[in-house]
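Chains as they are written, first to last, in the working numbering: chain A, 245 to 515; chain B, 301 to 396.
1. By alpha-carbon positions, which one of A:323, A:292, A:329 ends up nearest to residue 311 of chain A?
2. Indicate the three-state DSSP secondary structure (helix, strand or coil) for residue 399 of chain A in the structure shown.
3. Is it buried or exposed for residue 330 of chain A, if we count other Cβ within 10 angstroms and need 16 for buried?
4. Using only alpha-carbon positions, find the residue among B:328, B:314, B:301, B:327 that is nearest to residue 339 of chain B.
5. Measure from the alpha carbon of residue 326 of chain B to the alpha carbon of each residue in B:303, B:390, B:343, then state which is nearest.
6. Let me make sure I understand the geometry here. Which of A:474, A:313, A:513, A:359 has the alpha-carbon closest to that of residue 280 of chain A?
7. For residue 307 of chain B, does the count of other Cβ atoms within 10 angstroms reach 16, so buried, or fall short, so exposed?
8. Which residues in the same chain have their Cβ closer than 7 Å to the Cβ of residue 356 of chain B, if we skip the five residues on either side of it in sequence?
9. Distance, Cα to Cα, residue 363 of chain B vs residue 391 of chain B?
10. Check each candidate in A:266, A:435, A:261 and name the one with the smallest Cα separation from residue 378 of chain A.
11. If we ignore side chains and look at the alpha-carbon of each, how far apart do residue 387 of chain B and residue 393 of chain B end up?
12. Considering only the alpha carbon of each residue, which of A:335, A:316, A:290 lies closest to residue 457 of chain A?
13. When you compare each of B:375, B:305, B:337, B:360 to residue 347 of chain B by their alpha carbons, which one comes out closest?
14. Scan the segment 293 to 352 of chain A and note each continuous beta strand (DSSP E) run of 3 residues or more that stays entirely inside, going in chain order.
15. What residues from chain B crowd round residue 501 of chain A, counting only those whose CB sits closer than 9 Å?
16. Check each candidate in A:501, A:481, A:418, A:443 and name the one with the smallest Cα separation from residue 309 of chain A.
17. Could you say which of A:345, A:381, A:387, A:333 lies nearest to residue 357 of chain A if we only look at CA atoms?
18. Which residues, in chain order, does the segment 293 to 323 of chain A contribute to contact with chain B at a C-beta distance below 8 Å?
19. Closest by CA to residue 516 of chain A, which one among A:453, A:299, A:412, A:328?
20. Go through its chain and collect everything with a Cβ distance to residue 490 of chain A's Cβ below 6 Å, but skip five positions before and after it.
21. If we count the other Cβ atoms within 10 Å of its Cβ and call it buried at 16 or more, is residue 438 of chain A buried or exposed?
22. Looking at residue 295 of chain A: is its Cβ nearer than 8 Å to the Cβ of residue 326 of chain A?
23. Looking at the secondary structure, which residues open and close the alpha helix (DSSP H) in which residue 452 of chain B lies?
24. Output the distance between the C-alpha atoms of residue 483 of chain A and residue 450 of chain A, rounded to the nearest integer angstrom.
25. Is the segment 365 to 383 of chain B in contact with the segment 502 to 511 of chain A, if contact means three or more CB pairs nearer than 8 Å?
26. Return the chain-ordered list of same chain residues with a C-beta closer than 8 Å to the C-beta of residue 305 of chain A, the five sequence neighbours on each side being excluded.
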């Protein structure tokens with residue numbers, strides 16, 4: 245062992261905009277070295293559709309249905325597809341700083357993702373990695389992941405379907421015709437399942453958190469400890485919240501992150 | 301001059317690439333690439349779109365610009381390739 249893994253259970257389920265703001269804030273904090281240890285965050289949203297960085301909401305999301313159930317639409321800073329978050333879904337995010345990594349993207353999906361695979365194994369499932377970065381159990385996708393690289397910091401987050409309302413999920417997310425024709429993909433990507441159904445038992449939040457922590461401790465050879473967000477992280481999260489994540493420009497148009505930079509700096513300077 | 305707006309979706313091994321092009325005469329005026337693909341560094345996508353502006357709307361010219369930009373910006377992908385982007389553009393232009 246030797247190295248330590250900082251675990252954050254900080255979450256704002258009723259405010260998905262803050263959840264996504266904090267997600268970027270703790271990555272930046274780790275990248276800039278404000279935080280000394282690698283970080284694992286585990287969190288939930290109560291009712292939100294999260295779209296990928298390159299997506300346009302109206303193309304991916306059933307907007308009428310979304311409005312009807314009062315779900316927020318929030319863009320994340322990583323690529324990949326739209327997902328639905330309710331309290332039956334658990335999100336995990338890992339940020340590690342490494343100077344000696346070769347093959348960056350490979351490190352995200354062939355290394356960092358293994359912590360989540362360990363976690364599912366710890367819970368009694370037989371998870372497999374499929375289709376680059378999907379986690380499949382019993383031939384059903386239970387977790388989708390997306391990652392990014394900022395300088396020497398590698399970041400991966402994923403959502404784990406535990407007991408999500410799958411009917412709601414499929415009514416909210418639009419699937420393109422091209423995808424439906426493509427059997428290779430639809431067979432995995434759109435056949436999702438809840439972990440509770442795969443394991444045929446209830447799983448508590450505590451059990452999931454412990455499994456994820458252990459999964460990443462094993463992968464990184466690190467010892468976990470619980471922590472709270474630092475005041476700098478929260479300050480940055482609030483600036484991101486005001487200048488980026490609560491704006492329709494970020495969530496509904498498809499603008500580059502760079503175009504929010506000045507406003508974020510302004511908010512930071514004011515706070 | 302004739303203005304055309306063409307759109308096409310292409311499914312890569314992983315990820316859907318949706319291309320929409322505004323073509324004035326035989327030149328691309330605007331290119332927009334959306335979807336659930338993975339491309340790194342992410343912000344290179346907007347530079348790709350920028351590079352496509354003013355390019356002749358034929359597959360060879362587009363391929364040249366895309367391949368060059370991927371190389372110059374050190375773009376990497378997961379589950380798709382530069383060829384998927386080229387073919388999405390081709391499909392938008394030619395309907396196949």
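Where a beta carbon is used, it is the ideal one built from N, C-alpha and C, also for glycine.
Judging by the given coordinates:
1. A:292
2. strand
3. buried
4. B:314
5. B:303
6. A:474
7. exposed
8. 326, 327
9. 13 Å
10. A:435
11. 10 Å
12. A:335
13. B:375
14. 316 to 319, 327 to 330, 333 to 341
15. 342, 343
16. A:418
17. A:387
18. 296, 297, 298, 299, 300, 303, 304, 321, 322, 323
19. This structure gives no information on residue 516 of chain A, because the portion of chain A shown stretches from 245 to 515.
20. 261
21. buried
22. yes
23. This structure cannot speak to residue 452 of chain B, because chain B is shown only from 301 to 396.
24. 31 Å
25. no
26. 293, 295, 317, 326, 416, 417, 418
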